[in-house]
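According to our numbering, the stretch in the sequence shown is residues 38 to 384, in order. Glycine included, every Cβ here is placed at the ideal spot set by N, Cα and C. Predicted model, so just to flag it, every value in this text is computed and none were measured. Here is the structure we will look at.
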Amino acid sequence: MNTKVWKVDNYVDNLKNNPQVVDAADFLRKNEVVALPTETVYGLGGNAESDEAVAKIYEAKGRPGDNPLIIHIADRQQLTRFVADVPHKAEQLMDAFWPGPLTIIFNKKEGVLSEKATAGLATVAVRMPDHPVALALLEVCGLPIAAPSANSSGKPSPTTAAHVLDDLNGKIAGVFDGGPTGVGVESTVVDCTEEIPVILRPGGVTLEQLAEVVGEVHVDAALTDEAARPKAPGMKYRHYAPNAPLFMVSGTTGFLQKLVTEKQQEGLKVGVLTTEENVDQYSADLVLACGRRAELETVAAALYETLRRFNQGQVDVIYSEMFTNTGVGNAIMNRLQKAAGNKLISE
Ligand code: AMP
Ligand code: MG
Numbered sequence: 038m039n040t041k042v043w044k045v046d047n048y049v050d051n052l053k054n055n056p057q058v059v060d061a062a063d064f065l066r067k068n069e070v071v072a073l074p075t076e077t078v079y080g081l082g083g084n085a086e087s088d089e090a091v092a093k094i095y096e097a098k099g100r101p102g103d104n105p106l107i108i109h110i111a112d113r114q115q116l117t118r119f120v121a122d123v124p125h126k127a128e129q130l131m132d133a134f135w136p137g138p139l140t141i142i143f144n145k146k147e148g149v150l151s152e153k154a155t156a157g158l159a160t161v162a163v164r165m166p167d168h169p170v171a172l173a174l175l176e177v178c179g180l181p182i183a184a185p186s187a188n189s190s191g192k193p194s195p196t197t198a199a200h201v202l203d204d205l206n207g208k209i210a211g212v213f214d215g216g217p218t219g220v221g222v223e224s225t226v227v228d229c230t231e232e233i234p235v236i237l238r239p240g241g242v243t244l245e246q247l248a249e250v251v252g253e254v255h256v257d258a259a260l261t262d263e264a265a266r267p268k269a270p271g272m273k274y275r276h277y278a279p280n281a282p283l284f285m286v287s288g289t290t291g292f293l294q295k296l297v298t299e300k301q302q303e304g305l306k307v308g309v310l311t312t313e314e315n316v317d318q319y320s321a322d323l324v325l326a327c328g329r330r331a332e333l334e335t336v337a338a339a340l341y342e343t344l345r346r347f348n349q350g351q352v353d354v355i356y357s358e359m360f361t362n363t364g365v366g367n368a369i370m371n372r373l374q375k376a377a378g379n380k381l382i383s384e
């Protein structure tokens with residue numbers, strides 16, 4: 038399959054009439070899959086009401102069929118078509134964070150969406166992305182669009198159109214190049230089917246921000262307890278992994294450097310994931326600064342790009358510094374721990 042690339046020169050013009058947007062939306066209407074930029078990462082979109090389109094998404098990604106997809110909409114009115122009820126707290130969260138990096142789990146109206154998109158669950162995950170291209174495509178095609186991250190299953194999520202093509206060139210109908218994405222980590226997933234909302238996956242919107250709007254918020258036990266079964270099926274899989282084994286290192290920069298030196302003495306090529314503040318503290322084969330520790334948003338934005346760069350450097354092992362578990366640090370640590378398969382070395 039020849040993968041088409043669409044692009045617009047500026048986002049100021051009326052995007053809905055842009056021929057590139059109209060063409061890409063046409064592919065979506067024909068049940069083809071199209072990668073599109075959102076404010077978090079690139080998504081791989083397909084008509085959520087079509088088994089055919091949804092099957093193509095799972096197939097292109099190699100995604101396990103028991104891992105349901107997030108449905109993207111441009112207009113809240115669309116909820117009435119496939120959501121059974123909208124609880125008050127969900128309304129409040131939508132008012133506060135949509136469009137934006139917050140996915141809400143609702144009870145599903147049966148018989149509208151492809152069963153494959155929701156992996157047969159009685160609930161459905163929905164969000165409204167905050168990106169002009171994504172919103173224009175959604176509006177023009179007029180469909181609810183199922184869109185997981187546009188990477189091969191298990192790899193770091195794509196934050197540029199080039200990353201999408203690295204993984205999926207020839208496997209999808211096209212990619213809409215909207216430049217690098219801003220937030221860099223995926224949406225926060227919050228279950229609103231119970232009285233007290235529960236965070237199933239940390240992401241772009243923090244627990245603190247949610248609590249400000251709806252009061253008490255719970256966190257799925259599986260996020261802190263490895264033995265617990267996650268309520269978001271996707272959270273049980275290893276994700277975001279670079280090719281080389283990755284270890285989280287808890288300790289001083291001197292301790293991390295000692296690990297590097299030991300491995301180099303064994304003849305291995307070693308990578309270090311650090312931030313701009315500490316980049317001069319290490320001598321390794323590939324030392325990559327992932328944003329600035331003092332501004333965690335910059336770490337989130339650079340995270341997947343950095344993980345992919347270790348693949349280009351062909352290192353044999355990677356050691357990563359730790360990050361604080363508060364604010365967006367929570368999502369950063371969640372993704373790094375998954376990428377590391379929970380391998381941790383403590384001083
Ligand atoms: P991704 O699209 O790859 O960023 O992942 C979407 C995440 O949302 C995965 O962890 C899914 O398992 C989770 N998810 C999607 N739909 C539901 C649902 N109905 N209930 C719980 N988790 C869901
Ligand atoms: Mg993903």
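Review point. What is the rounded straight-line gap between the Cα of Gly137 and the Cα of Leu323?
Key: By one-based count along the sequence shown, residue 137 stands at place 100. By one-based count along the sequence shown, residue 323 stands at place 286. Gly137 and Leu323: Cα-Cα distance of roughly 34 Å.
Check your understanding: Among Gly241, Val354, Asn206, which has the Cα closest to the Cα of Glu76?
Key -> What you label residue 76 is simply residue 39 of the sequence shown in a count that begins at 1. Here the closest residue by C-alpha is Gly241.
Point to revise | Candidates Gly252, Asp63, Leu237, of which the one nearest Gln129 by Cα | key: Counting from 1 along the sequence shown, the entry for residue 129 is found at position 92. Ranking Gly252, Asp63, Leu237 by Cα distance to Gln129 puts Gly252 first.
Exercise for review: Sort Val250, Tyr341, Ala321 by Cα distance to Ala198 and report the nearest one.
Suggested key: To locate residue 198, count along the sequence shown from 1; it is residue 161. Minimum Cα distance to Ala198 is reached at Tyr341.
**Study point:** Cβ distance (whole Å) where Ala62 is taken to contact Cys178 below 8 Å
**Key:** Counting from 1 along the sequence shown, the entry for residue 62 is found at position 25. Counting from 1 along the sequence shown, the entry for residue 178 is found at position 141. Contact holds; Cβ gap of about 4 Å.
Check your understanding: Could you give the distance in angstroms between the alpha-carbon of Glu358 and the alpha-carbon of Lys295?
Key -> Reading the sequence shown from its first residue, position 321 is the one you call residue 358. Reading the sequence shown from its first residue, position 258 is the one you call residue 295. So the alpha carbons of these two residues sit roughly 13 Å apart.
Exercise for review: Give me the Cα-Cα distance between His255 and Ile355, rounded to the nearest whole angstrom.
Suggested key: Within the sequence shown, numbered from 1, the residue matching residue 255 stands at position 218. Within the sequence shown, numbered from 1, the residue matching residue 355 stands at position 318. One C-alpha to the other measures close to 33 Å.
Check your understanding: Just reading off the beta strand (DSSP E) that His276 is part of, what are its end residues?
Key -> Taking the first residue of the sequence shown as position 1, residue 276 is located at position 239. No beta strand (DSSP E) holds His276; DSSP gives it neither H nor E.
Review point. Do Val222 and Leu247 come within 9 Å of each other at the CB atom, strictly closer than that value?
Key: Working through the sequence shown from its first residue, we reach residue 247 at position 210. Working through the sequence shown from its first residue, we reach residue 222 at position 185. Not a contact, by the Cβ cut-off of 9 Å.
Review point. So, Ala121 versus Lys145, is the Cβ gap smaller than 9 Å?
Key: Mapped onto the sequence shown, residue 121 falls at position 84. Mapped onto the sequence shown, residue 145 falls at position 108. Yes, the Cβ-Cβ distance between Ala121 and Lys145 is below 9 Å.
Check your understanding: Which word fits Ser224, buried or exposed, when buried means at least 16 other C-beta atoms lie within 10 angstroms of its C-beta?
Key -> In the sequence shown, the residue the question calls residue 224 occupies position 187. It counts as buried.
Check your understanding: What is the rounded straight-line gap between the Cα of Leu381 and the Cα of Ala210?
Key -> Within the sequence shown, residue 381 is the residue found at index 344, counting from 1. Within the sequence shown, residue 210 is the residue found at index 173, counting from 1. Roughly 40 Å separates the two Cα atoms.
Point to revise | Leu172 vs Pro166 beta-carbon contact at 9 Å | key: Within the sequence shown, numbered from 1, the residue matching residue 172 stands at position 135. Within the sequence shown, numbered from 1, the residue matching residue 166 stands at position 129. Yes.
Review point. Hey, would you say the C-beta of His255 is under 8 Å away from at least one heavy atom of the ligand MG?
Key: The residue you call residue 255 lines up with position 218 of the sequence shown. No, the ligand MG has no heavy atom inside 8 Å of this Cβ.
Practice item. Identify the continuous alpha helix (DSSP H) that holds Phe119 and give its terminal residues. Key: Here the question's residue 119 lines up with position 82 in the sequence shown. That run of the alpha helix (DSSP H) goes 116 to 119.
Point to revise | 8 Å CB neighbourhood of Phe292 in its chain, flanking five on each side removed | key: Counting from one through the sequence shown, the residue named residue 292 turns up at place 255. Cβ neighbours of Phe292 beyond the five flanking positions: Val286, Glu384.
Point to revise | Chain-order list of residues whose beta-carbon lies under 6 Å from that of Arg66 (same chain, five-residue window excluded) | key: By one-based count along the sequence shown, residue 66 stands at place 29. The answer, listed in chain order, is Cys178.
Exercise for review: Taking all protein chains shown into account, decide if Ala265 is buried (16 or more other Cβ within 10 angstroms of its Cβ) or exposed.
Suggested key: As a working note, residue 265 is residue 228 in the sequence shown. Label assigned to Ala265: exposed.
Practice item. Using the Cα positions of Ala127 and Ile233, report the straight-line distance between them to the nearest angstrom. Key: Indexing the sequence shown from 1 puts residue 127 at position 90. Indexing the sequence shown from 1 puts residue 233 at position 196. Cα to Cα, the separation comes out at about 10 Å.
Check your understanding: First and last residue of the alpha helix (DSSP H) that includes Tyr341?
Key -> Taking the sequence shown and counting its residues from 1, one reaches residue 341 at position 304. First-last of the alpha helix (DSSP H) with Tyr341: 333 to 350.
Exercise for review: Determine the contact status of Phe284 and Ala72, defining contact as a CB-CB distance below 9 Å.
Suggested key: Within the sequence shown, the letter at position 247 stands for residue 284. Within the sequence shown, the letter at position 35 stands for residue 72. It is not a contact, given that the beta carbons lie outside the stated cut-off.
Check your understanding: Given a threshold of 16 other Cβ atoms within 10 Å of its Cβ, counted over all protein chains shown, does Gly82 qualify as buried or as exposed?
Key -> Walking along the sequence shown from the start, residue 82 turns up at place 45. Buried: at least 16 other Cβ atoms inside 10 Å.
Review point. Can you tell me the Cα-Cα spacing of Gly102 and Thr140, whole angstroms?
Key: Taking the sequence shown and counting its residues from 1, one reaches residue 102 at position 65. Taking the sequence shown and counting its residues from 1, one reaches residue 140 at position 103. One C-alpha to the other measures close to 20 Å.
Check your understanding: So is Pro279 buried or exposed if we call it buried at 16+ other beta carbons inside 10 Å?
Key -> Counting from one through the sequence shown, the residue named residue 279 turns up at place 242. Pro279 comes out buried.
Point to revise | 4 or more residues per run - each alpha helix (DSSP H) lying fully within the stretch 214 to 293 | key: 244 to 251
Check your understanding: Going by alpha carbons, who is nearest to Lys375 out of Leu150, Arg238, Pro74, Gly157?
Key -> One-based indexing of the sequence shown puts residue 375 at position 338. The option with the nearest alpha carbon to Lys375 is Arg238.
Exercise for review: Could you pull out every residue in the same chain whose Cβ sits closer than 7 Å to the Cβ of Ala337, ignoring the five residues on either side in sequence?
Suggested key: Mapped onto the sequence shown, residue 337 falls at position 300. Val220, Gly221, Val222, Val365, Ala368, Ile369, listed in sequence order.
Practice item. Have a look at Val297 and Ala321 and give me their C-alpha separation to the nearest angstrom. Key: What you label residue 297 is simply residue 260 of the sequence shown in a count that begins at 1. What you label residue 321 is simply residue 284 of the sequence shown in a count that begins at 1. Answer to the nearest angstrom: the Cα atoms are 7 Å apart.
Review point. Are the Cβ atoms of Glu86 and Val163 separated by less than 9 Å?
Key: As a first step, residue 86 must be located in the sequence shown, where it is residue number 49. As a first step, residue 163 must be located in the sequence shown, where it is residue number 126. No, they are not a contact pair.
Check your understanding: Mind checking whether the beta-carbon of Arg275 lies closer than 8 Å to any heavy atom of the ligand AMP?
Key -> Counted from its first residue, the sequence shown places residue 275 at position 238. Arg275 Cβ: outside cutoff for every heavy atom of the ligand AMP.
Check your understanding: Opposite His109 in the DSSP bridges: which residues?
Key -> Along the sequence shown, read from residue 1 onward, the residue named residue 109 stands at position 72. In the DSSP output, where bridge partners are listed per residue, His109 has Arg164, Ile182.
Point to revise | Terminal residues of the alpha helix (DSSP H) in which Ala133 lies | key: Translated into the one-based positions of the sequence shown, residue 133 becomes position 96. 125 to 134 is the extent of the alpha helix (DSSP H) around Ala133.
Review point. Using a Cβ-Cβ distance under 9 Å, would Ala258 count as near chain B?
Key: Among the chains of the structure shown, chain B does not appear; only one protein chain is present.
Point to revise | Pairwise C-alpha distance: Pro282 and Thr343 | key: Against the sequence shown, residue 343 aligns to sequence position 306. Against the sequence shown, residue 282 aligns to sequence position 245. When rounded, the distance between both Cα atoms is 14 Å.
Exercise for review: Could you check what DSSP says for Tyr79 in three-state terms: helix, strand or coil?
Suggested key: Looking up residue 79 in the sequence shown gives position 42. If DSSP states are grouped into helix, strand and coil, Tyr79 belongs with coil.
**Study point:** One or two residues paired with Ile94 in a DSSP bridge
**Key:** To locate residue 94, count along the sequence shown from 1; it is residue 57. Looking at the DSSP assignment, Ile94 forms no beta bridge with any residue, so it has no partner.
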